[in-house]
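For the record, the sequence lines run as chains A and B.
Residues 4 to 138 in this note's numbering are what the first sequence lists, from first letter to last.
Residues 26 to 193 in this note's numbering are what the second sequence lists, from first letter to last.
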Amino acid sequence: MDPVQGLSIDTTTSGLMVVDDDEDILFTINSLFKKRPFPVFLAHSGQECLDYLENGFKGVILMDIMMPGMDGWETIQQIVNKKLMHDLIISMFTAKDIPDTTLDHLKEYVFDYITKPFEPENLIALVDDYLTMLS
Amino acid sequence: MFDIFSGIPALPVTIIIVQHMPFSTTPRFAKRLSQLCRMNVIIPSDEELIKPESLYIAPGDNHLIIKDNQKILLTSTEKVNFVRPSIDVTMLSLRQDSRYQYTGIILSGMGCDGAEGLAFMKNLGAKTIVQDPETCIIRSMPESAIRLSNIDKILHPLEIRSFLLSLK
Chain A
4 MDPVQGLSID TTTSGLMVVD DDEDILFTIN SLFKKRPFPV FLAHSGQECL
54 DYLENGFKGV ILMDIMMPGM DGWETIQQIV NKKLMHDLII SMFTAKDIPD
104 TTLDHLKEYV FDYITKPFEP ENLIALVDDY LTMLS
Chain B
26 MFDIFSGIPA LPVTIIIVQH MPFSTTPRFA KRLSQLCRMN VIIPSDEELI
76 KPESLYIAPG DNHLIIKDNQ KILLTSTEKV NFVRPSIDVT MLSLRQDSRY
126 QYTGIILSGM GCDGAEGLAF MKNLGAKTIV QDPETCIIRS MPESAIRLSN
176 IDKILHPLEI RSFLLSLK
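What follows is the structure, encoded as structure tokens:
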């Protein structure tokens, strides 16, 4: 999989960002959406996610909860702290039946949750729905 | 939520949706719902009179209070259950009124918001419905509601949709 080339972002178009340290997940989702008419950005960490946001990304973020270093919730906390929470819809990947997070004060920033493993057709429909919301 | 409201016709009822989301998301959510269903979808202003056959969405970062069962008040007072809007705040603002038949519905979500409100509605004589936790990605809101009061129906999302359609 090609690495992300720089941080040049078209700020006029809503896109999809996937935030996950799991290369297989990034590859799979990139494959699902690479022919769609919107940009797809792959972030391997919470920090990469923040970098994209600070460079103007807007759109749908699919974020894993469990990541080394800054996990999904901590990343959202940083998004809020840095006032980057605009023109975004955030969905969190979660394994079913894991205990709920104790970070209750951040849950309003998560629009939806997606279980892993996910059905590709469901994920595509969901992303399409959310991008329609942002259009 | 979108699965439940997709294709819903204009219903002779008032629906109030309290979704935990930031203020910036509310217009987009409302727009999407208005594309999916035939209800008159409204993001209410403070002191707006409640109209029948309308679907109101609590604006993000505001509690939605129903005053005298006639008017919507919006307030940015403290978060309740860590959220604003809070489902409990809305439900607890209802008053007994024999002219109206209430139904309270709690869907998938994190935390316990809505559990106390739904129990309160039950005591007002409302029908109470909870999304089946087995169909929820995040179960804690429905489970909290089930623990707190005797729920009338525990339903799959498509059954909740069927219930809404039965109101026609």
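The beta-carbon is built from N, C-alpha and C at its ideal position, and this holds for glycine as well.
Give a yes or no on whether the C-beta atoms belonging to A:TYR116 and A:SER94 are separated by under 8 angstroms. Translated into positions along the first sequence, residue 116 of chain A becomes position 113. Translated into positions along the first sequence, residue 94 of chain A becomes position 91. Result yes, Cβ atoms of A:TYR116 and A:SER94 sit closer than 8 angstroms.
Report yes or no: is there a C-beta of chain A within less than 8 angstroms of the C-beta of B:GLY129? In the second sequence, the residue the question calls residue 129 of chain B occupies position 104. No, B:GLY129 lies away from the interface with chain A (no Cβ there is under 8 angstroms from its Cβ).
Please list the terminal residues of the continuous beta strand (DSSP E) segment that includes A:PHE114. Locating residue 114 of chain A in the first sequence gives position 111, counting from the first residue. Looking at the DSSP string, A:PHE114 is not in any beta strand (DSSP E), and its letter there is neither H nor E.
By Cβ distance, which residues of its chain are closer than 8 angstroms to B:THR115, with the 5 residues on each side in sequence left out? The residue labelled residue 115 of chain B in the question sits at position 90 within the second sequence. These residues qualify, in order along the chain: ILE41, VAL43, ALA83, HIS88, LEU89, ILE90, ILE91 and GLY142.
Would you mind sorting B:LEU183 into buried or exposed? The rule is 16 or more other CB atoms within 10 Å of its CB. Here residue 183 of chain B refers to the residue found at position 158 when the second sequence is read from its first residue. Under this definition B:LEU183 is an exposed residue.
Per-residue burial, B:ALA35 [other beta carbons within 10 Å of its own, 16 or more giving buried]: Mapped onto the second sequence, residue 35 of chain B falls at position 10. Exposed.
Compare the C-beta of A:PHE146 with all C-beta atoms of chain B and state if any pair is closer than 8 angstroms. Absent from the structure is residue 146 of chain A, since the part of chain A shown begins at 4 and ends at 138.
Examine chain A for any beta-carbon lying closer than 8 angstroms to the beta-carbon of B:GLY142, and answer yes or no. In the second sequence, residue 142 of chain B corresponds to position 117, counting from 1. Not one chain A Cβ lies under 8 angstroms of B:GLY142.
Let's see if you can read the secondary structure: which residues bound the beta strand (DSSP E) around A:VAL130? As a first step, residue 130 of chain A must be located in the first sequence, where it is residue number 127. That residue, A:VAL130, is in no beta strand (DSSP E); its alpha helix (DSSP H) goes 123 to 137.
Name the residue from A:MET69, A:MET73, A:ASN84 and A:LYS86 whose alpha carbon lies nearest to the alpha carbon of A:ILE28. Residue 28 of chain A sits at position 25 when you count from the first residue of the first sequence. Answer by Cα proximity: A:MET69.
Same chain only: Cβ atoms within 7 angstroms of B:THR50, ignoring 5 sequence neighbours per side: As a position in the second sequence, residue 50 of chain B is number 25, starting the count at 1. The residues are GLY85.
What residue range does the beta strand (DSSP E) around A:ALA98 cover? Translated into the one-based positions of the first sequence, residue 98 of chain A becomes position 95. 91 to 98 is the extent of the beta strand (DSSP E) around A:ALA98.
Going by C-alpha distance, which of A:GLY75, A:PHE60 and A:THR135 is nearest A:ASP67? Locating residue 67 of chain A in the first sequence gives position 64, where the first residue counts as 1. Per the Cα distances, A:GLY75.
Can you tell me which residues form a DSSP beta bridge with A:ASP67? In the first sequence, the residue the question calls residue 67 of chain A occupies position 64. Paired residue(s): A:PHE96.
Could you list the residues in the segment 50 to 70 of chain B with a C-beta less than 7 angstroms from some C-beta on chain A, going in chain order? Those residues of the segment 50 to 70 of chain B placed with their C-beta closer than 7 angstroms to a C-beta in chain A are THR50, ARG53, PHE54, LYS56 and ARG57, ordered along the chain.
Taking CB distances under 8 angstroms as the criterion, tell me whether B:VAL108 reaches chain A. Here the question's residue 108 of chain B lines up with position 83 in the second sequence. Judged by the 8 angstroms Cβ criterion, B:VAL108 is in contact with chain A.
Using the rule of at least 16 other Cβ atoms within 10 Å of the residue's Cβ for burial, across every protein chain shown, is B:SER191 buried or exposed? Here residue 191 of chain B is taken as the residue at index 166 of the second sequence, counted from 1. Taking all protein chains in view, the Cβ of B:SER191 is surrounded by fewer than 16 other Cβ atoms within 10 Å, so the residue is classified as exposed.
Residue interval of the beta strand (DSSP E) (run including B:LEU98): Reading the second sequence from its first residue, position 73 is the one you call residue 98 of chain B. First-last of the beta strand (DSSP E) with B:LEU98: 96 to 100.
Does B:ARG172 pass the burial test, meaning 16 or more other C-beta atoms within 10 Å, or should it be called exposed? Looking up residue 172 of chain B in the second sequence gives position 147. B:ARG172 should be labelled exposed.
Beta carbons nearer than 7 angstroms to chain A: which residues of the segment 144 to 164 of chain B have them? ILE162 and ILE163
Beta-bridge pairing of B:LEU74 - partner residues as DSSP gives them: Position 49 of the second sequence, counted from the first residue, corresponds to residue 74 of chain B. Per DSSP, B:LYS96.
A:ASP5 CB to nearest chain B CB: under 8 angstroms? Position 2 of the first sequence, counted from the first residue, corresponds to residue 5 of chain A. With a pLDDT of 37 at A:ASP5, under the threshold of 50, the modelled position of that residue is not reliable, and the figure given next carries that caveat. With 8 angstroms as the cut-off, A:ASP5 does not count as an interface residue toward chain B.
Opposing strand residues paired with B:PHE107 [DSSP bridges]: For this step, residue 107 of chain B is matched to residue 82 along the second sequence. Beta-bridge pairing links B:PHE107 to no other residue.
Using three-state DSSP, classify A:PHE60 as helix, strand or coil. Taking the first residue of the first sequence as 1, we reach residue 60 of chain A at position 57. In the displayed model, A:PHE60 falls within coil according to three-state DSSP, outside both helix and strand.
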